[in-house]
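Residues 0 to 442 (numbering that gives the first Met the number 0) make up the sequence shown, in order. Below is one structure; the comments refer to it alone.
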Amino acid sequence: MRIILPEKVTFLLERLERHGFEGYAVGGCVRDSILGREPSDWDITTSASPRQVKEIFPKTFDTGIQHGTITVLLEKEGFEVTTYRVDGEYEDGRHPREVRFTSQLLEDLKRRDFTINAMAYNETKGLVDAFGGVEDLKGGILRCVGKAEERFEEDALRMMRAVRFCAQLGFSMEEKTARAICRLAPSLERISAERIQVELVKLLESPHPDWIRQAWEYGITAVILPEFDRLMEQDQNNAHHVYSVGEHTLETLRNVRSDKILRLAMLFHDMGKPSIATVDEQGIYHFRGHAARSEVLAKQIMKRLKFDNETLTKVCRLVQNHSLYPETTPEGVRRAVCQVGEELFPLFLEVKRADILGQNPAVWEQKLAYLDQVRQIYEEILKRGDCLSLKGLAVTGRDLIADGVHPGKGMGELLELLLDEVLKDPSRNTREQLLELGRKLRR
């Protein structure tokens with residue numbers, strides 16, 4: 000099997016060989032190349048020690064020298080070059096206490112997580128596949144190298160990576176690997192929130208975000224996202240739904256495009272339902288105020304998982320407003336855009352559509368027709384250039400000050416009143432009209 004290596008990777012490997020060392024492309028880049036996917040980066044493994052790598056290449060950085068990794072810079076592009084190593088005892092379920100360098104490629108490959116990631120390649124020796132990685136790629140199977148329990152005890156995050164790889168590649172989990180995850184999932188408690196967040200987002204952005212169901216079945220979400228487990232247990236017996244809250248959430252994830260903000264919004268949009276569920280005399284479930292409660296929980300979870308503020312704000316805004324049904328009038332849609340935010344309103348429409356497609360198919364036609372109306376009105380509003388927020392007003396605070404308004408809370412309230420008038424009638428959004436209206440409102 001031949002893999003086409005990038006020129007710079009070929010140069011790196013050939014230079015290592017000219018100096019008497021072995022060098023291979025290794026891991027995910029080999030896997031993706033065999034699958035016909037474009038590797039995101041190319042990692043190199045070598046028999047050369049870190050000191051020898053630094054002697055061979057003029058421009059290097061010590062990015063992980065304690066674990067044998069040197070970044071080699073070639074024309075401003077960095078390549079991680081790591082010495083063959085054997086990991087020592089893992090004390091924290093994530094990092095080895097020490098590493099020992101070795102001259103044997105096979106010893107290095109033995110320590111890797113999954114067979115599909117334990118292959119190496121160079122032009123001289125071709126593909127080195129000691130653990131059946133190619134066979135597993137062909138069969139669409141994810142299995143650990145060696146004993147699954149040992150691999151997961153070394154690094155608990157590998158359990159989330161296993162689910163994530165299956166979601167990204169559309170693979171099935173090998174039975175022993177799955178059983179090991181079920182037994183060892185509680186050890187994920189030792190993994191940092193930042194690491195959990197990265198793997199969760201990669202899973203959600205994958206072609207199969209609904210594989211979070213497998214994370215639930217294996218006991219992973221019980222540790223990293225217990226709120227999701229409560230979704231899976233919450234029924235929804237009403238005319239709008241045919242699924243539990245959890246199954247509805249999975250359907251919405253399937254029906255929204257791969258985008259970090261959108262997928263997170265769908266994951267969290269009904270998170271508050273279990274805590275506010277009520278049942279009437281007919282056995283019908285109600286979830287009044289669930290959007291506000293879901294927004295609170297979304298914020299708590301995202302802070303716990305160390306999401307950045309921009310992502311948190313956007314996701315929470317969408318969750319908070321996902322139950323909003325604008326009136327199908329220009330004014331109604333303008334007010335909805337103002338409430339949701341101009342930047343987020345197109346995403347809001349995608350959230351609404353995904354939410355509908357996760358409900359009872361009997362309501363799809365009517366609700367999707369309504370949403371099409373809203374979208375059409377929104378597009379007409381954009382074409383006209385209607386004012387939709389304070390930043391679109393024809394007057395600013397500076398204009399009002401020049402017209403005699405004192406700075407402070409009252410000026411902010413006046414601007415909001417002027418915006419309210421413009422949302423009713425966009426033709427009033429001229430400097431002259433708004434200043435005159437401001438004077439009348441101040442009398």
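Note that CB positions come from ideal geometry on N, CA and C, so glycine has one too. Quantities reported herein were computed from a predicted structural model and do not represent experimental measurements.
- Judged by DSSP in its simplified three-state form, T220 adopts helix.
- Short of 7 Å from the beta carbon of F100, and not among the five residues preceding or following it, lie these beta carbons of its own chain, in chain order: S48, G67, T82, Y83, R84.
- Proximity to L168 across D154, P185, Q196, G138 peaks at G138, based on C-alpha coordinates.
- For H289, the secondary structure class from DSSP, reduced to helix, strand or coil, is helix.
- With fewer than 16 other CB atoms across the displayed protein chains lying within 10 angstroms of its CB, H239 is exposed.
- Cβ-Cβ distances below 6 Å link Q372 to T327 in the same chain, with the five nearest sequence neighbours on each side left out; the list follows chain order.
- By the Cβ rule, the region 297 to 304 does not count as touching the region 393 to 405, because fewer than three pairs are nearer than 8 Å.
- Look at E250 here: in three-state DSSP terms it is helix.
- Distances from the alpha-carbon of V350 to those of E364, L323, R334, D228 put L323 closest.
- By the C-beta criterion, the region 284 to 295 is judged not to be in contact with the region 374 to 389, since fewer than 3 inter-stretch pairs fall below 8 Å.
- Here DSSP, grouped into helix, strand and coil, assigns C28 to helix.
- Three or more beta-carbon pairs drawn from the region 152 to 168 and the region 183 to 201 are found closer than 8 Å, and the two stretches are therefore classed as touching.
- Comparing alpha carbon positions, the residue from P329, D354, Q299 closest to N320 is D354.
- Within the same chain, Cβ atoms closer than 7 Å to the Cβ of L346 are found at I260, L261, L317, the five residues on either side in sequence being excluded.
- Buried is the label assigned to L104, since at least 16 other Cβ atoms lie within 10 Å of its Cβ.
- For L433, the closest C-alpha among the options G409, D398, G411, R442 is that of D398.
- Between the alpha carbons of E378 and L12 lies a gap of roughly 54 Å.
- Per DSSP, the beta bridge partners of T70 are F60, E79.
- With 16 or more neighbouring CB atoms inside 10 Å of its own CB, C337 falls in the buried class.
- Pairing I219 with M172, the inter-Cα distance amounts to about 14 Å.
- In the three-state reduction of the DSSP assignment, S274 falls in the helix class, which pools H, G and I.
- Taking every protein chain shown into account, the CB of R150 has 16 or more other CB atoms within 10 angstroms, so this residue is buried.
- Ranked by Cα distance from S46, the first of F78, D107, E79 is D107.
- Judged by beta-carbon spacing, L141 lies within the 9 Å limit of F170, meaning their Cβ atoms are closer than that value.
- Linking M118 to E342 through their CA atoms gives a straight-line distance of about 44 Å.
- Bounds of the alpha helix (DSSP H) holding I400 are 396 to 401.
- Ranked by Cα distance from E76, the first of G282, V8, D258, D419 is V8.
- Here L266 is buried, its C-beta having at least 16 other C-beta atoms within 10 Å.
- Counting only the Cα atoms, Q233 lies some 25 Å from E204.
- In the DSSP assignment, I43 falls within the beta strand (DSSP E) that extends over 42 to 45.
- I43 is the residue among I43, E420, L126 whose C-alpha sits nearest the C-alpha of R14.
- Residue range 147 to 153 is occupied by the alpha helix (DSSP H) that includes F151.
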